Amino acid sequence: MKQSEYQAIFLATIMQIPKGQVASYGQIAKLAGFPSFARHVGRSLKVLPKDTKVPWHRVVNAQGKIAFDQDSIQYQTQKERLEREGIYFMNGKVSLSKYRWNPEDYYDFPNT
DNA sequence: TCCTTGACGGAGA
DNA sequence: ATCTCCGCCAAGG
Numbered sequence: 304m305k306q307s308e309y310q311a312i313f314l315a316t317i318m319q320i321p322k323g324q325v326a327s328y329g330q331i332a333k334l335a336g337f338p339s340f341a342r343h344v345g346r347s348l349k350v351l352p353k354d355t356k357v358p359w360h361r362v363v364n365a366q367g368k369i370a371f372d373q374d375s376i377q378y379q380t381q382k383e384r385l386e387r388e389g390i391y392f393m394n395g396k397v398s399l400s401k402y403r404w405n406p407e408d409y410y411d412f413p414n415t
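Here it is, written out as structure tokens:
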């Protein structure tokens, strides 16, 4: 299986992360149907054009931390984009219990 | 073909 | 909280 084959699936899943919420690499992999492909989620994001509409900044690692080096421009950019959506950092990480995306939330109104 | 490298994750110490 | 050590698996040398 080639990256191009599941890359689209990962990106489509990431597209669904609501503004103001985050998901981990492993979570995306799981939701997309490839439980052990956390690393590939990152690989898929790496090749995105800089003007992409994919909300890559809403993907953090399992500890709620940004994957880039803290002194990189990418780290800075991702942090700013998250804060712009109302997601704030505490000790260099976001609170997953507070911001983690839960797909089930979309089914709060069964009769619609 | 073998070895190393990751925008990772989880279990231990 | 910090730091290993593994498991993971396609890509690139």
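Letter by letter, the first sequence follows residues 304 to 415 of my numbering. In this text, a Cβ means the ideal position worked out from N, Cα and C, and glycines have one as well. The structure displayed is predicted, hence computed values, not measured ones.
### Message
Tell me the DSSP secondary structure of K322 in three-state form.
### Response
coil
#### Entry: Cut-off 6 Å between Cβ atoms - residues of its own chain near G323, not counting five sequence neighbours on either side
E388, G389
### Query
Would the segment 358-368 and the segment 323-333 be scored as touching if the rule is three or more Cβ pairs under 8 Å?
yes
### Task
Report the rounded CA-to-CA distance for I312 versus A335, giving the unit in angstroms.
6 Å
### Message
Given a cut-off of 8 Å on the beta-carbon distance, is the pair G345 and K368 in contact?
### Response
no
### Task
Following the continuous alpha helix (DSSP H) through T355, name the residue where it begins and the one where it ends.
From DSSP, T355 is part of no alpha helix (DSSP H); its letter is neither H nor E.
### Task
Quick one: residues in its chain with C-beta nearer than 7 Å to the C-beta of W404, no 5 flanking neighbours on either side, listed in chain order?
I320, P321, Q324, V325, A326
### Task
Ignore the nearest five residues each way along the sequence and tell me which others in Q330's own chain have a CB closer than 7 Å to its CB.
none
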